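Here's the structure, in C-alpha cells; my notes come after.
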Amino acid sequence: MKRGLTLAELMIAAFITVFSVSAILLLFMNCIFMNTASRNTTIATSHAQYALEEIRNTPFASIPGWNGATWDSTVVQGKGLSALDSEIIYIYATSTDPRQVTVTVNWDDDGVRARSITLETLIADY
C-alpha cells in the first residue's frame, strides 16, 4: 500500500488554492474601490449641503444672484473644505417664489470615472 499524493491531485489542489486566493484578492480590491467611491459621494454630498446652507443664509431677495454660480476646487478649498479630483459645483436658483435652488457637484473618481450628485430644495419668503 502506497501513501502520498499523485501529481494530478497536487495540480488540482494548487489550482483550487490559486483560484480561491485570486477570487479573494479581487473581492478585496473591489471593496477598496467601492469604499473610495462611497467616501467621495459622502464628501460631495456634504459640499452640496454646505453650498445650500450658504444660500439659505443669504437674504431671500439676493438668492437669484446665485444663479449660474460655479465653485471650482480652488473656491472649495478656500472655504476650508477638501476638494475632490476635478470637483466643480454648479448652483442654479430661480427668481420665483418659492425659489428652487439646485446644487450639482461633479467630480472624478480615481481620475477615471466622472460622477455627480444633485441636491434640490425650495426656499420661500415668509
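Using my numbering, read the sequence shown as starting at 666 and increasing by one per residue.
C-beta atoms are modelled at their ideal positions from N, C-alpha and C, and glycine is treated no differently.
Bear in mind the structure is a predicted one, so any value in this text is a computation, not a measurement.
- Message: Distance check for Trp772 and Val766, CA to CA, integer angstroms please.
- Response: 20 Å
- Query: How about Asn732 and Tyr757: are their beta carbons less than 8 Å apart?
  - Reply: yes
- Task: Whole angstroms is fine: what's the gap from Leu692's alpha carbon to Ala678's?
- Result: 21 Å
- Message: Give me the residue from Ile788, Thr739 and Asn722 with the minimum Cα distance to Thr759.
- Response: Ile788
- At which residue ranges does the stretch 736–763 contain complete alpha helix (DSSP H) runs of 4 or more residues, listed in the order of the chain? 738–743
- Task: Apply the 10 Å Cβ neighbour rule to Lys709 and answer buried if 16 or more other Cβ atoms are within range, or exposed otherwise.
- Result: The question names Lys, but residue 709 is Ala in the sequence shown. It counts as buried.
- Whole-angstrom distance between Ile753 and Thr735, CA atom to CA atom: 7 Å
- Item | Buried or exposed (CB count within 10 angstroms, at least 16 for buried), Asn705 | buried
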